[in-house]
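Asks: Quick one: structure below, then a few questions.
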Amino acid sequence: MGKVVFLPVSIGGGLLAGVIGKKLFGLIWGAIDDQEPPQPQHRDVHVGKLALALAIDGALGSLVKGFVDRGSRRVFTRFTGSWPGDEAPQTD
Numbered sequence: 005m006g007k008v009v010f011l012p013v014s015i016g017g018g019l020l021a022g023v024i025g026k027k028l029f030g031l032i033w034g035a036i037d038d039q040e041p042p043q044p045q046h047r048d049v050h051v052g053k054l055a056l057a058l059a060i061d062g063a064l065g066s067l068v069k070g071f072v073d074r075g076s077r078r079v080f081t082r083f084t085g086s087w088p089g090d091e092a093p094q095t096d
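Read in order, the letters of the sequence shown are residues 5 to 96 in my numbering.
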């Protein structure tokens, strides 16, 4: 039951994490280069610069999403008393 009730919180947190991640990436990339970040669809981009931009964007996005998800689960638990997920990683 807790997982179903948590679903809208999770969706909202994911959207929030996306906005925060994009803002942080823009700030970080602005310190690296004065041009906009390269995208895969750009034709005349050095592959090293593209790799750096994609690595930073991916790592930052994952980090922000993880922390926002974890924080929203903690807040949800404070209000409901139940953790919306597994208690620990599963072992094989």
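Glycine is no exception: its CB is placed at the ideal position from the N, C-alpha and C atoms.
What do you reckon, are the CB atoms on Pro42 and Lys27 nearer than 8 Å?
Replies: If you number the sequence shown from 1, residue 42 lands on position 38. If you number the sequence shown from 1, residue 27 lands on position 23. No, the pair does not count as a contact, with Cβ atoms beyond the cut-off.
Asks: Which value, in whole angstroms, describes the spacing of the CA atoms of Phe71 and Val51?
Replies: Your numbering for residue 71 matches position 67 in the sequence shown. Your numbering for residue 51 matches position 47 in the sequence shown. Rounded to whole angstroms, Phe71 to Val51 spans 30 Å at the Cα level.
Asks: Compute the beta-carbon to beta-carbon distance between Phe10 and Phe83, rounded to the nearest angstrom, for a pair I have assumed lies under 8 Å.
Replies: Position 6 of the sequence shown, counted from the start, is the residue given in the question as residue 10. Position 79 of the sequence shown, counted from the start, is the residue given in the question as residue 83. Actually they do not touch by this definition, with Cβ atoms about 11 Å apart.
Asks: Using the beta-carbon count (16 or more within 10 Å), is Ser66 buried or exposed?
Replies: Counting from 1 along the sequence shown, the entry for residue 66 is found at position 62. Exposed: under 16 other Cβ atoms inside 10 Å.
Asks: What residue does the alpha helix (DSSP H) around Thr81 start on, and which one ends it?
Replies: As a first step, residue 81 is located in the sequence shown; it is residue number 77 there, counting from the start. It spans 51–84 - the alpha helix (DSSP H) in which Thr81 sits, taken as one unbroken run.
Asks: Over the uninterrupted alpha helix (DSSP H) stretch that includes Ala35, give me the two end residues.
Replies: Within the sequence shown, residue 35 is the residue found at index 31, counting from 1. Residues 6–36.
Asks: So, for Asp73: in the same chain, excluding its five sequence neighbours on each side, which residues have a beta-carbon less than 8 Å away from its beta-carbon?
Replies: Taking the first residue of the sequence shown as position 1, residue 73 is located at position 69. Ser14, Gly17, Gly18, Ala21, listed in sequence order.
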